[in-house]
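Quick notes on the structure that follows.
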Amino acid sequence: MDLDRAFFVKYQFLEKECHHLVLTLKPVSGLSHKVLKPIVELCLIDQEDISFELIFAPELKNKIKLGSLFYCYAILPQHEIFSCARSSSLMSKGKEIRGILDLSEKYYEKAIAVSAEFLHGAQTFAEIANYPRALFMVHQSLESHLKLLQVMVEGKCNNVHSLDSRIRNLHTHFPMFKSVFMGETDEDKMRFALLDNSFNAVNQNRDLDISAVDASQLYDHCIVLQAAIEKLFRYFMEALQAEYDALVKVQSTAEAELEKSNLAKKKEQEQVNVGADFHSFPWPSRYQGDVQEVLHQIRQENNPEQIMLLNYYVSDANGKGLFDFPQQDNGNAEIYLVVIKKKLGHCHFRKVAYGQVTAVVAFLNTDFLETKLSQGSRFSHTIWNESVVLYRHPRYKPTYSVVPVDWQSMISKTSISWTRNSKLMQDLTDVFAFDNLSSPQLAVLFLNQLTSIGLYSYLYLRIGYAPMYVTMADLVDWTCICDKKVKEFFRPKDDLDKRLNEELLKQMKGRVYELPSELAQLDIEYFRSKAKEIKDFFVDLCDQSMKYMELKSQIK
Numbered sequence: 002m003d004l005d006r007a008f009f010v011k012y013q014f015l016e017k018e019c020h021h022l023v024l025t026l027k028p029v030s031g032l033s034h035k036v037l038k039p040i041v042e043l044c045l046i047d048q049e050d051i052s053f054e055l056i057f058a059p060e061l062k063n064k065i066k067l068g069s070l071f072y073c074y075a076i077l078p079q080h081e082i083f084s085c086a087r088s089s090s091l092m093s094k095g096k097e098i099r100g101i102l103d104l105s106e107k108y109y110e111k112a113i114a115v116s117a118e119f120l121h122g123a124q125t126f127a128e129i130a131n132y133p134r135a136l137f138m139v140h141q142s143l144e145s146h147l148k149l150l151q152v153m154v155e156g157k158c159n160n161v162h163s164l165d166s167r168i169r170n171l172h173t174h175f176p177m178f179k180s181v182f183m184g185e186t187d188e189d190k191m192r193f194a195l196l197d198n199s200f201n202a203v204n205q206n207r208d209l210d211i212s213a214v215d216a217s218q219l220y221d222h223c224i225v226l227q228a229a230i231e232k233l234f235r236y237f238m239e240a241l242q243a244e245y246d247a248l249v250k251v252q253s254t255a256e257a258e259l260e261k262s263n264l265a266k267k268k269e270q271e272q273v274n275v276g277a278d279f280h281s282f283p284w285p286s287r288y289q290g291d292v293q294e295v296l297h298q299i300r301q302e303n304n305p306e307q308i309m310l311l312n313y314y315v316s317d318a319n320g321k322g323l324f325d326f327p328q329q330d331n332g333n334a335e336i337y338l339v340v341i342k343k344k345l346g347h348c349h350f351r352k353v354a355y356g357q358v359t360a361v362v363a364f365l366n367t368d369f370l371e372t373k374l375s376q377g378s379r380f381s382h383t384i385w386n387e388s389v390v391l392y393r394h395p396r397y398k399p400t401y402s403v404v405p406v407d408w409q410s411m412i413s414k415t416s417i418s419w420t421r422n423s424k425l426m427q428d429l430t431d432v433f434a435f436d437n438l439s440s441p442q443l444a445v446l447f448l449n450q451l452t453s454i455g456l457y458s459y460l461y462l463r464i465g466y467a468p469m470y471v472t473m474a475d476l477v478d479w480t481c482i483c484d485k486k487v488k489e490f491f492r493p494k495d496d497l498d499k500r501l502n503e504e505l506l507k508q509m510k511g512r513v514y515e516l517p518s519e520l521a522q523l524d525i526e527y528f529r530s531k532a533k534e535i536k537d538f539f540v541d542l543c544d545q546s547m548k549y550m551e552l553k554s555q556i557k
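Read left to right, the sequence shown gives residues 2 to 557 (the working numbering).
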């Protein structure tokens with residue numbers, strides 16, 4: 002016969018080891034199981050206690066797809082004793098095994114619950130000496146367990162209520178059931194037949210004479226059988242679960258190794274281009290590890306096309322202090338970056354910190370950058386041509402059309418803008434000279450607007466770009482790509498100064514917030530002097546920025 006595979010299965014039933022041979026055949030026209038069965042019986046004539054079955058390979062696969070716990074266990078590699086060289090693997094995948102285990106566990110829990118309810122009903126009827134109905138309940142309880150075994154083998158069950166038929170249907174796989182369930186003697190067989198007879202009598206509403214002794218013996222016999230069935234079912238479940246756990250462990254190890262290998266390749270492929278330029282910056286080498294980690298984190302979270310360094314600061318650029326004791330604190334480093342992505346989503350500006358390094362990051366998308374370069378934007382030109390490229394993804398190969406900056410037109414536009422904004426700032430400052438201005442709340446609102454105009458004017462004149470959807474405090478950080486003058490200006494000198502700065506940099510968005518009590522109690526002269534200080538600071542910065550732009554245009 003055209004044998005595809007052979008599996009030799011061992012299992013435990015009633016503390017005895019049993020053996021079952023599964024012979025899978027290739028579908029061959031003209032041959033049936035009945036024709037081949039005598040051949041196998043002849044081969045096994047000198048073997049004892051070995052049951053066998055013949056099954057076509059496609060039929061076996063189908064039973065596994067239906068959820069057969071028995072066959073999924075039977076075809077495990079350790080049970081295979083023969084394999085045709087041309088045959089395809091029948092081995093179940095981890096996902097399929099997991100599904101069968103979960104489905105089998107649900108069937109098991111349901112069957113046990115149903116059986117327990119029927120046994121409770123049997124006890125109730127036995128107490129009033131209604132033995133036909135008591136055995137009816139015992140019959141249903143045992144039937145529930147036999148259905149569980151049928152699901153275990155076939156992946157499904159039928160609605161046959163005859164216990165005799167169910168046992169015969171399971172004979173191929175569990176030939177010992179007939180003698181264990183029905184007994185060896187005629188008396189035992191007749192007593193077991195009372196279960197089916199009781200079921201039929203109750204359904205047909207007829208009487209049946211059953212003694213208390215027979216009912217009690219059958220009840221006890223049923224308890225033993227159900228315990229044996231549960232143990233048999235759990236044997237297959239636990240054996241398959243152990244195999245699944247081993248498979249998952251192997252797969253997890255392989256996946257971990259693969260992930261580790263892929264990560265190493267990715268790191269190698271996406272290695273940050275931190276070359277001589279980066280290492281030549283005058284900062285202590287102790288920052289290098291933290292900087293690398295910050296850049297790695299940005300790459301991992303954003304999958305950028307390119308990362309560019311605009312500026313950096315190190316708070317302790319002095320030496321190591323070899324004779325300092327105790328060792329002095331190392332201070333911090335700040336790097337200012339532009340990250341180019343294809344799509345930004347909601348992220349336009351953020352800070353990333355690790356160890357002693359903080360990165361202030363503005364995000365631009367590739368379309369924005371391409372458009373601005375083609376329009377001659379001075380900000381885009383500056384970062385594109387003069388920044389340090391720390392990282393570029395291998396897939397990013399820009400071929401942008403870079404149009405030169407029209408400095409004459411740019412200076413004209415910015416000059417008109419600054420003339421308008423400087424007048425607004427002067428007018429706001431003049432408001433503080435009015436004698437009728439006596440409300441600290443109103444004074445702070447004016448100062449907030451004065452700060453906003455000054456900050457945005459400076460960014461427009463000096464940088465030419467302000468990140469979108471950010472707070473005023475973030476914009477102060479963004480000015481550090483030029484220098485730290487604005488940040489130093491808003492560095493509080495005392496607690497009162499700190500509270501006022503918080504109000505000045507607050508995003509109002511049409512709302513009026515209640516002033517802190519320490520500010521609400523201040524004299525209006527305090528706010529008047531603060532307005533002049535803010536106006537003078539930003540006017541000076543913006544005038545310098547106009548001169549810087551004029552100087553740069555001559556260089557260009």
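Positions of the beta carbon are idealized from the N, C-alpha and C atoms, including for glycine.
When we look at the beta-carbon of HIS174 and count the other beta-carbons within 10 Å, is it buried (16 or more) or exposed?
Within the sequence shown, the letter at position 173 stands for residue 174. HIS174 should be labelled buried.
Specify the secondary structure class of SER163 as computed by DSSP and reduced to three states.
Translated into the one-based positions of the sequence shown, residue 163 becomes position 162. Here SER163 sits in coil by DSSP.
When TYR132, LEU70, VAL139 are compared against GLU118, the one with the closest alpha-carbon:
Against the sequence shown, residue 118 aligns to sequence position 117. It is VAL139 whose Cα lies nearest to the Cα of GLU118.
For the beta strand (DSSP E) that GLN409 lies in, which residues bound it at each end?
Numbered from 1 along the sequence shown, position 408 holds the residue referred to as residue 409. The continuous stretches of beta strand (DSSP E) do not include GLN409, which lies in the alpha helix (DSSP H) extending over residues 408–432.
Reducing DSSP to helix, strand and coil, say where ASP5 ends up.
For this step, residue 5 is matched to residue 4 along the sequence shown. Strand, per DSSP.
Using DSSP with H/G/I as helix, E/B as strand and the rest coil, what is ASN304?
Here residue 304 refers to the residue found at position 303 of the sequence shown. Looking at ASN304 - three-state DSSP - the assignment turns out to be coil, as it is neither helix nor strand.
Start and end of the alpha helix (DSSP H) containing ALA202?
Numbered from its first residue, the sequence shown carries residue 202 at position 201. 187–205 is the span of the alpha helix (DSSP H), which, as asked, contains ALA202.
For ASN502, which residues in the same chain have their Cβ closer than 6 Å to its Cβ, ignoring the five residues on either side in sequence?
Numbered from its first residue, the sequence shown carries residue 502 at position 501. Cβ within range, chain order: PHE491, PRO493.
Please report how far the alpha carbon of HIS382 lies from the alpha carbon of ASP484, in whole angstroms.
Counting from 1 along the sequence shown, the entry for residue 382 is found at position 381. Counting from 1 along the sequence shown, the entry for residue 484 is found at position 483. Each residue's alpha carbon lies about 19 Å from the other.
LEU164 and GLU188 closer than 8 Å at C-beta
Mapped onto the sequence shown, residue 164 falls at position 163. Mapped onto the sequence shown, residue 188 falls at position 187. No, the Cβ-Cβ distance between LEU164 and GLU188 is not below 8 Å.
Going by the CB atoms, is the gap between VAL361 and TYR337 shorter than 8 Å?
Along the sequence shown, one-based indexing puts residue 337 at 336. Along the sequence shown, one-based indexing puts residue 361 at 360. In contact: TYR337 and VAL361 (Cβ atoms closer than 8 Å).
Any idea what DSSP makes of HIS21, helix, strand or coil?
Mapped onto the sequence shown, residue 21 falls at position 20. In the structure shown, HIS21 sits in a strand (DSSP, three-state: E or B).
Helix, strand or coil at PHE14 [DSSP, three-state]:
Here residue 14 refers to the residue found at position 13 of the sequence shown. PHE14 falls in the strand class under three-state DSSP.
Enumerated in chain order, which unbroken segments of the alpha helix (DSSP H) with a length of 4 residues or greater are wholly contained in the region 438–472?
Runs found: 441–459.
Three-pair Cβ contact test at 8 Å for the region 198–218 versus the region 124–137
Proximity of the region 198–218 to the region 124–137 meets the contact definition, three or more beta-carbon pairs being nearer than 8 Å.
Using a Cβ-Cβ cutoff of less than 6 Å, which residues in the same chain neighbour PRO28 once the five nearest sequence positions on both sides are dropped?
Along the sequence shown, read from residue 1 onward, the residue named residue 28 stands at position 27. For PRO28, the CB contacts under 6 Å within the same chain, skipping 5 residues up- and downstream, are PHE57 in chain order.
Does the separation of the CB atoms of HIS20 and ASP50 fall below 8 Å?
The residue you call residue 20 lines up with position 19 of the sequence shown. The residue you call residue 50 lines up with position 49 of the sequence shown. Against a cut-off of 8 Å, the Cβ pair of ASP50 and HIS20 comes out as a contact.
Given this structure, state the Cα-to-Cα distance separating VAL295 from LYS343, to the nearest angstrom.
If you number the sequence shown from 1, residue 295 lands on position 294. If you number the sequence shown from 1, residue 343 lands on position 342. Roughly 21 Å separates the two Cα atoms.
Measure how close the beta-carbons of LEU37 and LEU55 come, nearest whole angstrom, since I'm counting them as under 8 Å.
What you label residue 37 is simply residue 36 of the sequence shown in a count that begins at 1. What you label residue 55 is simply residue 54 of the sequence shown in a count that begins at 1. Their Cβ separation, rounded to whole angstroms, is 6 Å, which keeps LEU37 and LEU55 in contact under 8 Å.
Examine the Cβ distances between the region 140–159 and the region 112–131 and report whether three or more of them are shorter than 8 Å.
Because the criterion of three Cβ pairs below 8 Å is met, the region 140–159 and the region 112–131 touch.
Measuring only the C-alpha atoms, how far is ARG300 from TYR72?
Stepping through the sequence shown from its first residue, residue 300 is reached at position 299. Stepping through the sequence shown from its first residue, residue 72 is reached at position 71. One C-alpha to the other measures close to 48 Å.
What is the DSSP secondary structure of SER52, reduced to helix, strand or coil?
Stepping through the sequence shown from its first residue, residue 52 is reached at position 51. For SER52, the three-state secondary structure derived from DSSP is strand.
Use the C-beta contact count for TYR514: other C-beta atoms within 10 angstroms, 16 or more gives buried, fewer gives exposed.
Looking up residue 514 in the sequence shown gives position 513. Classification of TYR514: exposed, given that the 10 Å Cβ count is below 16.
What are the boundary residues of the alpha helix (DSSP H) that includes SER378?
Reading the sequence shown from its first residue, position 377 is the one you call residue 378. Looking at the DSSP string, SER378 is not in any alpha helix (DSSP H), and its letter there is neither H nor E.
Take LEU460 and list the residues in its own chain whose beta-carbon comes closer than 8 Å to its own, dropping the five residues that flank it on each side.
Taking the first residue of the sequence shown as 1, we reach residue 460 at position 459. In the same chain as LEU460, and ignoring 5 residues on each side of it, the C-beta atoms closer than 8 Å to its own belong to TYR466, ALA467, LEU476, TRP479, THR480, in chain order.
Among the residues of its own chain, which have a CB less than 8 Å from the CB of GLN508, if the five just before and after it don't count?
Along the sequence shown, one-based indexing puts residue 508 at 507. Excluding residues up to 5 positions away in sequence, THR472, MET473 lie with their Cβ nearer than 8 Å to the Cβ of GLN508 in the same chain.
Name the DSSP beta bridge partners of ALA334, please?
Your numbering for residue 334 matches position 333 in the sequence shown. DSSP output for ALA334 lists VAL315, VAL358 as bridge partner(s).
Does the region 532–544 touch the region 422–437, meaning 3 or more C-beta pairs lie closer than 8 Å?
Segment contact: the region 422–437 against the region 532–544, three or more CB-CB distances shorter than 8 Å; contact assigned.
Give the DSSP bridge partners of LEU365, in chain order.
If you number the sequence shown from 1, residue 365 lands on position 364. Answer is ILE341, bridged to LEU365.
Exposed or buried, which one is PHE380 when buried takes at least 16 other CB atoms within 10 Å?
Within the sequence shown, the letter at position 379 stands for residue 380. So PHE380 ends up on the buried side.
Terminal residues of the continuous beta strand (DSSP E) containing VAL389?
If you number the sequence shown from 1, residue 389 lands on position 388. VAL389 -> beta strand (DSSP E) spans 389–393.
Determine whether the beta carbon atoms of MET547 and TRP419 lie at a separation below 8 Å.
The residue given as residue 547 occupies position 546 in the sequence shown. The residue given as residue 419 occupies position 418 in the sequence shown. The answer is yes: Cβ separation under 8 Å.
Would DSSP call VAL353 helix, strand or coil?
Here residue 353 is taken as the residue at index 352 of the sequence shown, counted from 1. In this structure, VAL353 counts as strand in the three-state DSSP scheme.
From what residue to what residue does the alpha helix (DSSP H) around GLU1 run?
It is not possible to answer for residue 1, since the shown part of the chain is limited to 2 through 557.
For LEU310, which beta-bridge partners are listed by DSSP?
Residue 310 sits at position 309 when you count from the first residue of the sequence shown. Paired residues: LEU338, VAL389.
Going by C-alpha to C-alpha distance, which of GLU185, LYS96, GLU258 sits closest to GLN242?
Translated into the one-based positions of the sequence shown, residue 242 becomes position 241. Minimum Cα distance to GLN242 is reached at LYS96.
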